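Notes to accompany the following structure.
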Amino acid sequence: MGDMRTCQRVLDHIEAADGRLTDVMPSLAAALGHARETQVRLGGLERASHVVLVVVDGLGWHQLRARSAHARLALKPALETGLRLVTCVPSTTAAALSSLTCAALPGRTGMLGYEVAQPEYDRVVQLLAMKERGTGRVIEPSGWNRVPTIFETLARKDSSTCAIVPGRFVGSGLTSCALKGATLLTAETLRDRVEAAIKAARSYDLTYLYFEFLDHCGHAHGWDSPQWLDTLEAIDRAVDEVRRKVGDDTLVALTADHGMVNPDSSKILDLADCPELTYRYLAGEPRALHVHLRAGADVEEESRRWAHVVGDRADVVAGADLVRLLGEVADDRRGWVGDLWVFSRERALVVDRRVHTAGARSLKGVHGSLTPEELDVPFLVVS
312 MGDMRTCQRV
322 LDHIEAADGR
332 LTDVMPSLAA
342 ALGHARETQV
352 RLGGLERASH
362 VVLVVVDGLG
372 WHQLRARSAH
382 ARLALKPALE
392 TGLRLVTCVP
402 STTAAALSSL
412 TCAALPGRTG
422 MLGYEVAQPE
432 YDRVVQLLAM
442 KERGTGRVIE
452 PSGWNRVPTI
462 FETLARKDSS
472 TCAIVPGRFV
482 GSGLTSCALK
492 GATLLTAETL
502 RDRVEAAIKA
512 ARSYDLTYLY
522 FEFLDHCGHA
532 HGWDSPQWLD
542 TLEAIDRAVD
552 EVRRKVGDDT
562 LVALTADHGM
572 VNPDSSKILD
582 LADCPELTYR
592 YLAGEPRALH
602 VHLRAGADVE
612 EESRRWAHVV
622 GDRADVVAGA
632 DLVRLLGEVA
642 DDRRGWVGDL
652 WVFSRERALV
662 VDRRVHTAGA
672 RSLKGVHGSL
682 TPEELDVPFL
692 VVS
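Everything in the sequence shown is counted per the numbering used here, starting at 312 for the first residue and increasing by one.
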């Protein structure tokens, strides 16, 4: 059922990379002296008394390489020894950030995408805010992610950690799942976060410094827009300042959660115009749709029907086959995966105006699917 060749192609791509996003935090913890608790996965990191990890939301490996001239101070020099990592499937923030901080794939964390359907509760949950689609009702996040974060692992070893995030993230669903165990320090602007990180690096063993600015700019204007390039330059300056002002005993590294592509408006398929394609729930996001079929549907037959209708715009993969990419899913959560996933190819997009807002359908930059541009992220040592 579905296209197993798609899964194998991604697995081959992962094998050819320098590592996975899930390798980052254990390797940084090992650099702090905790190799026994969190195995070293990325070699070559020197022992450090403090670590600052800069996480740039939306900064893909290919985008950075293509526009490295706009990151001359810190990021371009670090690219010479930088590693190409592969993020998780789907290549989206809620799934990837929790995979990063827990060193576990989405099947284990339960953070399976932008939105996840829970048939047992007859609802679809948006995971960034942990709210029910339609009603806006907040879902209790505790217990959703059952995997301990590296912050929690380090805390058990009396190693101090903090995360520098905007104030609106405090108490959010994603923060509760991905940053549990870290002391939250809030700062809004790029300038304020840089100053907070420099100060934190003197006191905390591990500082997690998060920038969402590039991702937001990419969604609004496209990843290669003048606004995106200006933002990349500002982030490069910020990272350079952190690098210069922390102590000599501090390792400064950088990674990202996913890359981005700019969709082609001529390659958008709206499922509302395809009456032959029906479902019970549609979750995920336009680049990686989770399709939950109606009760009694023949999954194999529906897989062929969906593949025929979407044509060369997307790959249709049976949910049962995705464990190879998602990681092992707990028995009580297998129903969350759905029957089919629709992964958009290249710059195509599959939407449904009955589900997706006009804003979601008109984003200038998107992610979530299986292209190298979305899957590949950098790991750079900039100190």
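C-beta: ideal position from N, C-alpha, C; glycine also.
Only a predicted model underlies this, so the values are computations on that prediction, with no experimental measurement involved.
- Asp650 has no beta-bridge partner at all, per DSSP.
- The continuous alpha helix (DSSP H) containing His373 extends over residues Trp372 to Ala377.
- Pro689 sits buried, since 16 or more C-beta atoms from the chains shown fall within 10 Å of its C-beta.
- Residue environment: Gln437 is assigned as buried (16 or more neighbouring CB atoms within 10 Å of its CB, all protein chains considered).
- For Asp433, the closest C-alpha among the options His603, Gly638 and Asp650 is that of His603.
- Taking Ala508 as the centre and dropping the five residues before and after it, the same chain places the C-beta of Val363, Ile475, Thr518, Leu520 and Val553 closer than 7 Å to its C-beta, in chain order.
- When secondary structure is reduced to three states using DSSP, Asp575 falls in the coil class, being assigned neither helix nor strand.
- Using a Cβ distance threshold of 7 Å, Val662 and Asp581 count as a contacting pair.
- Scanning the segment 613-691 from its first residue to its last, the whole beta strand (DSSP E) runs of 3-plus residues come out as 625-629, 651-655 and 660-662.
- Nearest Cα to Ala489 within the set Asp329, Pro459, Gly344 and Arg316: Pro459.
- Distances from the alpha-carbon of Lys675 to those of Gly529, Phe524 and Arg383 put Gly529 closest.
- In this structure, DSSP gives Asp516 a state outside helix and strand, which the three-state scheme calls coil.
- With a contact defined as Cβ atoms closer than 8 Å, Ala531 and Gly369 miss out at about 11 Å.
- Three or more beta-carbon pairs separated by less than 8 Å are not found between the segment 601-615 and the segment 545-552, which leaves the two stretches without contact.
- Residue range Tyr592 to Glu596 is occupied by the beta strand (DSSP E) that includes Gly595.
- Counting the other CB atoms within 10 Å of its CB gives Leu322 a total below 16, which places it among the exposed residues.
- For Lys442, the secondary structure class from DSSP, reduced to helix, strand or coil, is strand.
- Classified as exposed, Gly454 has fewer than 16 neighbouring CB atoms from the shown chains inside 10 Å of its CB.
- For Ile579, the closest C-alpha among the options Phe524, Arg616 and Val620 is that of Val620.
- In the three-state DSSP reduction, Asp551 falls in the helix class (H, G or I).
- Short of 8 Å from the beta carbon of Asp687, and not among the five residues preceding or following it, lie these beta carbons of its own chain, in chain order: Ala328, Gly371, Trp372, His373, Arg395, Leu396, Val397, Thr398 and Gly570.
- Ranking Leu485, Tyr590 and Gly492 by CA distance to the CA of Ser470 puts Gly492 first.
- With fewer than 16 other CB atoms across the displayed protein chains lying within 10 angstroms of its CB, Gly354 is exposed.
- Just measuring C-alpha positions, the residue of Arg502, Leu465, Asp516 and Thr420 sitting nearest Leu485 is Thr420.
- When beta bridges are read from the DSSP output, Ile475 appears opposite Leu496 and Leu520.
- Following the DSSP letters along the chain, one finds Val693 in no alpha helix (DSSP H), marked with neither H nor E.
- Leu384 is a Cβ neighbour of Asp547, given a cutoff of 7 Å.
- One alpha carbon belongs to Thr333, the other to Ser680, and they sit about 18 Å apart.
- Counting along the chain, the unbroken alpha helix (DSSP H) around Arg504 starts and ends at Leu501 to Ala511.
- Taking the CA atoms as reference points, Pro430 sits about 37 Å from Ser338.
- Judged by DSSP in its simplified three-state form, Ala414 adopts coil rather than helix or strand.
- Across the set Leu600, Thr589 and Gly646, the C-alpha of Leu600 shows the shortest separation from the C-alpha of His667.
- Around the C-beta of Glu684, 16 or more other C-beta atoms lie within 10 Å, and the residue is accordingly described as buried.
- Bridge pairing for Asp581: Val662 [DSSP].
- In the structure shown, Ala382 adopts coil according to DSSP, grouped into three states.
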